[in-house]
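Chemist:
Numbering (the numbering used here), first residue to last: 303 to 435.
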């Protein structure tokens, strides 16, 4: 059976291993409907994207109404802006890192199987770019 295996010494007892448990799309559901939250996260926007939108709105509103007289609000805005800069740096680094890995994998394929490399490049020329939104 797929997803099931007999543990050593388990005397015939089967343990189901839920592969979704190891998924990078793990979500914690404190309220609401887990199926709705999972669908929104997978099909509309990730939690990170949604938080990013909220941060953009907060920063725009805060800039429109200066918070100079409110030390707590000013500090919070500075923290949000600093976090936004760090997040942007991480996103750029990850994209660059993915590009480097892709180039290395393509070079490895070219060396190992030139014909497969050629077919892959040819197939990519015919595929429309995917949206990253």
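Ideal placement from N, C-alpha and C gives every residue a C-beta, glycine not left out.
Keep in mind that this is a model prediction, so the values were computed, not measured.
Inspect the beta-carbon positions of residue 382 and residue 399 and report whether they are closer than 8 Å.
Modeler: As a position in the chain shown, residue 382 is number 80, starting the count at 1. As a position in the chain shown, residue 399 is number 97, starting the count at 1. Not a contact, by the Cβ cut-off of 8 Å.
Chemist: By how many angstroms is the C-alpha of residue 388 removed from the C-alpha of residue 394?
Modeler: Mapped onto the chain shown, residue 394 falls at position 92. Mapped onto the chain shown, residue 388 falls at position 86. Taking the straight line from one Cα to the other gives about 10 Å.
Chemist: May I ask you to report which of helix, strand or coil DSSP gives residue 335?
Modeler: By 1-based counting over the chain shown, the position of residue 335 is 33. The answer is coil: DSSP assigns residue 335 none of H, G, I, E or B.
Chemist: How far does the alpha helix (DSSP H) with residue 366 in it extend, from its first residue to its last?
Modeler: Taking the chain shown and counting its residues from 1, the one referred to as residue 366 is at position 64. Here the alpha helix (DSSP H) through residue 366 covers 349-366.
Chemist: Quick one: measure Cβ to Cβ for residue 364 and residue 379, integer angstroms, because I've assumed they're closer than 8 Å.
Modeler: The residue labelled residue 364 in the question sits at position 62 within the chain shown. The residue labelled residue 379 in the question sits at position 77 within the chain shown. Going by Cβ atoms, the distance from residue 364 to residue 379 rounds to 5 Å, so yes, they are a contact pair.
Chemist: Pick helix, strand or coil for residue 398, following the three-state DSSP scheme.
Modeler: Position 96 of the chain shown, counting from 1, holds the residue named residue 398. In this structure, residue 398 counts as helix in the three-state DSSP scheme.
Chemist: Taking C-beta to C-beta, are residue 422 and residue 411 nearer than 8 Å?
Modeler: Taking the first residue of the chain shown as 1, we reach residue 422 at position 120. Taking the first residue of the chain shown as 1, we reach residue 411 at position 109. Going by C-beta atoms, residue 422 is nearer than 8 Å to residue 411.
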